[in-house]
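Trainee:
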Amino acid sequence: GKLYRQRGENDKAIAMHKALLDSPDTVGDKRTRVLYELGLNYQSAGLVDRAEQIFLELQQGNMAKQANEVLLNIYQQDRDWEQAIATAQLLAHDEQTYQFEMAQFYCEIAQSELFKSQFDQARAHVQAALSANKKCTRANMILGDIEQKQGNFQAAIDAYTAIEKQNHAYLSMIGEKLYDAYDALGKAQDGLEVLIGYAKMFPQLDLNSVIYEKSLLLWGEEKANQTMVELVRIKPDLNGMYRLLGLQMSDLNPQWKADADMMRTVIGRQVQRSWMYRCRNCHFKSQVFFWHCPACNKWETFTPNKIEV
662 GKLYRQRGEN
672 DKAIAMHKAL
682 LDSPDTVGDK
692 RTRVLYELGL
702 NYQSAGLVDR
712 AEQIFLELQQ
722 GNMAKQANEV
732 LLNIYQQDRD
742 WEQAIATAQL
752 LAHDEQTYQF
762 EMAQFYCEIA
772 QSELFKSQFD
782 QARAHVQAAL
792 SANKKCTRAN
802 MILGDIEQKQ
812 GNFQAAIDAY
822 TAIEKQNHAY
832 LSMIGEKLYD
842 AYDALGKAQD
852 GLEVLIGYAK
862 MFPQLDLNSV
872 IYEKSLLLWG
882 EEKANQTMVE
892 LVRIKPDLNG
902 MYRLLGLQMS
912 DLNPQWKADA
922 DMMRTVIGRQ
932 VQRSWMYRCR
942 NCHFKSQVFF
952 WHCPACNKWE
962 TFTPNKIEV
């Protein structure tokens with residue numbers, strides 16, 4: 662039956678395991694095992710409701726752990742986060758607490774509630790996420806967004822900056838929002854200084870674009886260019902070289918401009934091809950950031966800053 666399933670011949674696998682279930686010899690542990698395989702067949706065939714019913718039935722037996730693991734996958738695929746949380750709680754034990762997963766499930770619910778402007782519910786689910794995993798950076802990002810939407814700009818700043826203590830690598834994901842919160846309080850200059858401080862302290866952060874844009878706005882071209890040159894020199898890479906060439910173009914001798922422009926175009930193409938987010942678990946690469954890797958289904962495995970791959 663498993664072989665049929667692996668070949669994609671789900672109908673044959675289902676028929677075989679159904680026939681085994683009807684056999685008078687299939688009793689006890691053997692029946693439980695056949696039922697489990699039938700559930701996998703249904704899942705593979707896309708008959709998720711039937712699969713779910715079987716695995717729910719198996720929750721009481723000696724294959725409860727395996728059944729709950731499959732149910733957890735089903736609920737994640739269906740984005741049924743409440744059921745995913747309940748199932749993860751059943752699976753949690755000392756060796757595997759599922760705290761990262763549960764925090765992310767709460768964040769998924771909070772994100773949806775924020776989208777619907779259900780701020781109190783979103784706030785409660787953010788707190789549940791932080792209770793499950795106090796280092797959940799996504800929870801503080803959502804909390805900052807809630808405070809920002811409600812006009813609580815200092816509280817938004819507090820939520821965003823708390824990410825530094827959780828995992829500073831994620832600060833680049835809230836750079837512009839953090840600046841906007843400072844700006845709303847009439848402290849745009851302070852916000853920009855905070856971002857520059859982060860970029861100098863943690864050179865791997867992808868903050869240069871927002872820093873340059875806000876520097877131009879507040880300080881003008883000369884100081885913005887000077888700031889950017891300083892930051893690129895701290896961590897020289899292809900992305901920085903592309904930006905640096907752009908800044909220097911206006912000062913170049915006209916006879917070099919065409920060549921410099923060609924070099925910048927080539928570097929730009931290379932940056933676009935090789936500058937990506939990557940899953941630390943399965944090395945899946947993407948131009949888009951995911952909290953949940955679409956390739957290996959692990960949570961919080963994507964690098965929060967694009968890297969050369």
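If you use this note's numbering, the sequence shown corresponds to residues 662 to 970, in order. We put the CB at the ideal spot given by N, CA and C, even for glycine.
(1) List the endpoints of the continuous beta strand (DSSP E) containing W936.
(2) Taking all protein chains shown into account, do 16 or more other C-beta atoms lie within 10 angstroms of the C-beta of N828, making it buried, or fewer, making it exposed?
(3) I'd like to check one pair, A790 with A771: are the Cβ atoms closer than 8 Å?
(4) If R872 and L856 are in contact, beta carbons under 8 Å, what's the gap, nearest whole angstrom?
(5) List the DSSP bridge partners of K946.
(6) For the ligand GTP, I want to know if M924 counts as a neighbour, meaning its beta carbon is within less than 7 Å of at least one of the ligand's heavy atoms.
(7) Hey, G852 and L839 are a contact pair by Cβ (cut 8 Å); roughly how many whole angstroms apart?
(8) For I661, count neighbouring Cβ atoms within 10 angstroms of its own Cβ and tell me buried if that reaches 16, exposed if not.
(9) Using the C-alpha atoms, what's the distance from P897 back to Q738?
(10) Out of S684, K875, A830, S870, point me to the one whose CA is closest to K987's CA.
(11) In its own chain, which residues sit with a C-beta less than 8 Å from the C-beta of M889, not counting the 5 before and 5 after it?
(12) Take the Cβ of N801 as the centre, count every other Cβ of all protein chains shown within 10 Å, and call the residue buried at 16 or more, exposed below.
(13) Excluding sequence positions up to five away, which residues of its chain have a Cβ less than 6 Å from the Cβ of T964?
(14) For a test of the three-state rule: what should DSSP assign to W960, helix, strand or coil?
(15) Can A712 and L719 be called in contact, C-beta distance under 8 Å?
(16) Flag this pair as yes or no: are the beta carbons of A706 and F716 separated by less than 8 Å?
(17) According to the Cβ coordinates, are N794 and Q815 closer than 8 Å?
(18) Let me check understanding here. Comparing Cα to Cα, which of K796, S935, C943, K946 lies closest to E825?
(19) H829 by DSSP, collapsed to three states: which one?
(20) For H678, collect the residues of the same chain with a Cβ closer than 7 Å to its Cβ; drop the 5 residues on either side in sequence, then sort them by chain order.
(21) Grouping DSSP H, G and I as helix and E and B as strand, with all else coil, what is H953?
(22) Looking at the structure shown, is E769 part of a helix, part of a strand, or coil, going by DSSP?
(23) Between which two residues does the alpha helix (DSSP H) carrying G901 extend?
(24) Does the Cβ of L879 have 16 or more other Cβ atoms within 10 Å, making it buried, or fewer, making it exposed?
(25) Note down, in chain order, each residue of its chain lying with its Cβ closer than 7 Å to the Cβ of I835, except the 5 sequence neighbours on either side.
(26) Measuring only the C-alpha atoms, how far is L832 from R692?
Mentor: In this structure, then:
(1) 936-939
(2) exposed
(3) yes
(4) Residue identity differs from the one stated: residue 872 is Ile in this sequence, not Arg. Yes, I872 and L856 are in contact; Cβ-Cβ is about 5 Å, under 8 Å.
(5) R939
(6) Of the ligands one can find in the structure shown there are none, so the ligand GTP has no counterpart to examine.
(7) 6 Å
(8) Residue 661 is absent from the model: the chain starts at 662 and stops at 970.
(9) 41 Å
(10) This structure cannot speak to residue 987, because the chain is shown only from 662 to 970.
(11) N869, I872, Y873, S876, R904, L905, L908
(12) buried
(13) Y938, R939
(14) strand
(15) no
(16) no
(17) no
(18) K796
(19) helix
(20) G662, V695, E698, L699, N702
(21) strand
(22) helix
(23) 899-909
(24) exposed
(25) M802, G805, Y821, I824
(26) 52 Å
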